[in-house]
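This report concerns only the one structure given below.
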Ligand code: SIN
Ligand code: CO
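Residue numbers (UniProt numbering): 1 to 386.
See below:
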């Protein structure tokens, strides 16, 4: 069985998207039948010892007294038998087997998928009632955990611990014990809390939803880097002013706004920016490059011998084919425009697939050019051989 076929989601996708996505929480019993954990608690503890890995331990003595410690952790011996959770971000970047879990959620476009956070909780362990700003699917792995989820609510200030963004007690519309393979879908802004009943692993598939602030920030950086947006305010034909020098007139504001709007209406500027911005991972991806570098012939032989190449989890490849702007289609990888002579079809194959083998290569228009591109990407550490 190929690793991407390992986690088959049992869910009516049409109905889910129409009724629940971004709207209502949903408990999907046995969303993954016969679920097998891709990692265990020791793997997670091992990751939490690494400097580059973002991890924390959340514990409480009672539900008003919370502690948060940030990793790396070199010693777990002080931990008690109850009431703590170890949470590790972006586990998919470090453990390829865990990345295959994300693939079950690619009925949502890849750019929306963020990362896989994994938690291990001892009985009673949890992070308390809180809201997230992002959609999340929480998959129950080993163990059993009691989850409560409430209806969408505005964020309220309630802060027993500054790191936890907790909310006040809420009325649950889902109140259930999750068993291995059960999945909770939680849209942004729905309060939730989960406490382990038995030592539990939970996998949170998180999504990204850039705020307007993120987009404008990114756009400003993009314009500086690419020396764009240099058109200045101009006011030829202005009438003389005899009073109210201190006023910023609505007419001037309208002109300034029109200038800003013209920039946003310029698809030739905006689309490449969006491709660059949304193919940039939210967190740095740890990249290992092969030593010595591979030649195209090496990659061709690997594929011919039945091996396959897989995108490093966290690397995003996005394409856009809007014909008037992009002939023949634009491809962005990891925030950068990827310059190549690949056909539109081959750019799509590159961005739409997670794995490349001889069979996939046979579907390309120009397999030798495609192999060269794969070789470049392998040598950049963006693709790796499984
Ligand atoms: C957890 O696994 O404990 C936290 C998941 C979440 O609430 O987002
Ligand atoms: Co949450």
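Every residue gets a Cβ at the ideal spot worked out from N, C-alpha and C, and that includes glycine. Every value quoted in this text rests on a predicted model; they were computed, and no experiment measured them.
Through-space distance from residue j to residue i, alpha-carbon basis
i           : j           : result
residue 268 : residue 297 : 37 Å
residue 463 : residue 371 : In the structure as shown, the chain begins at 1 and stops at 386. Residue 463 is therefore absent and cannot be evaluated.
residue 203 : residue 337 : 32 Å
residue 378 : residue 221 : 29 Å
residue 390 : residue 36  : With the chain running from 1 to 386 in the structure shown, residue 390 is simply not present.
residue 128 : residue 87  : 13 Å
residue 258 : residue 249 : 14 Å
residue 125 : residue 25  : 22 Å
residue 226 : residue 319 : 20 Å
residue 4   : residue 33  : Confidence in residue 4 is poor, its pLDDT being 48 and thus under 50, which makes the residue's placement too unreliable to answer from.
residue 306 : residue 95  : 22 Å
residue 10  : residue 16  : 11 Å
residue 270 : residue 105 : 28 Å
residue 276 : residue 14  : 30 Å
residue 168 : residue 51  : 34 Å
residue 343 : residue 326 : 12 Å
residue 286 : residue 334 : 12 Å
residue 340 : residue 272 : 16 Å
residue 139 : residue 323 : 40 Å
residue 375 : residue 359 : 17 Å
residue 263 : residue 229 : 7 Å
residue 255 : residue 331 : 35 Å
residue 294 : residue 314 : 22 Å
residue 288 : residue 81  : 37 Å
residue 304 : residue 373 : 16 Å
residue 137 : residue 121 : 17 Å
residue 266 : residue 185 : 37 Å
residue 108 : residue 97  : 20 Å
residue 345 : residue 237 : 52 Å
residue 46  : residue 40  : 10 Å
Exposure of residue i, with buried meaning 16 or more beta-carbon neighbours within 10 Å
i           : result
residue 317 : buried
residue 253 : exposed
residue 217 : exposed
residue 261 : exposed
residue 65  : exposed
residue 70  : exposed
residue 2   : With a pLDDT of 45 at residue 2, under the threshold of 50, the modelled position of that residue is not reliable, and no figure is offered here.
residue 31  : buried
residue 173 : exposed
residue 239 : exposed
residue 91  : buried
residue 211 : exposed
residue 329 : buried
residue 56  : buried
residue 67  : exposed
residue 48  : buried
residue 133 : exposed
residue 143 : buried
residue 385 : exposed
residue 290 : exposed
residue 251 : exposed
residue 7   : buried
residue 44  : buried
residue 274 : buried
residue 214 : exposed
residue 244 : exposed
residue 201 : buried
residue 302 : buried
residue 187 : buried
residue 83  : buried
residue 135 : buried
Expected contact under 8 Å - CB spacing of residue i and residue j to nearest Å
i           : j           : result
residue 130 : residue 166 : 5 Å
residue 197 : residue 148 : With a Cβ gap of about 13 Å, residue 197 and residue 148 do not count as contacting.
residue 387 : residue 153 : Residue 387 lies beyond the stretch modelled for the chain, which goes from 1 to 386, so this question has no answer here.
residue 309 : residue 355 : 7 Å
residue 53  : residue 38  : Rounded, the Cβ-Cβ distance is 16 Å, inconsistent with contact.
residue 170 : residue 150 : 4 Å
residue 27  : residue 176 : 6 Å
residue 123 : residue 199 : 7 Å
residue 398 : residue 311 : Nothing about residue 398 can be reported from this structure: the residues present for the chain run from 1 to 386 only.
residue 278 : residue 111 : 4 Å
Could you tell me whether the segment 179 to 194 touches the segment 225 to 233, where touching means 3 or more Cβ pairs closer than 8 Å? no
Could you say if the segment 102 to 115 and the segment 271 to 288 meet the contact criterion of at least three C-beta pairs nearer than 8 Å? yes
Cβ pair count under 8 Å reaching 3, the segment 76 to 90 against the segment 16 to 23: These segments do not touch.
In chain order, what residues place their C-beta within less than 7 Å of a heavy atom belonging to ligand 1? 85, 87, 117, 119, 121, 126, 127, 130, 132, 136, 138, 192, 194, 202 and 204
Assess, as a yes-or-no matter, whether the segment 95 to 109 is touched by the segment 55 to 62 under the definition of 3 or more beta carbon pairs within less than 8 Å. no
Count the C-beta pairs between the segment 344 to 352 and the segment 360 to 375 that are closer than 8 Å, then say yes if the count reaches three, no if not. yes
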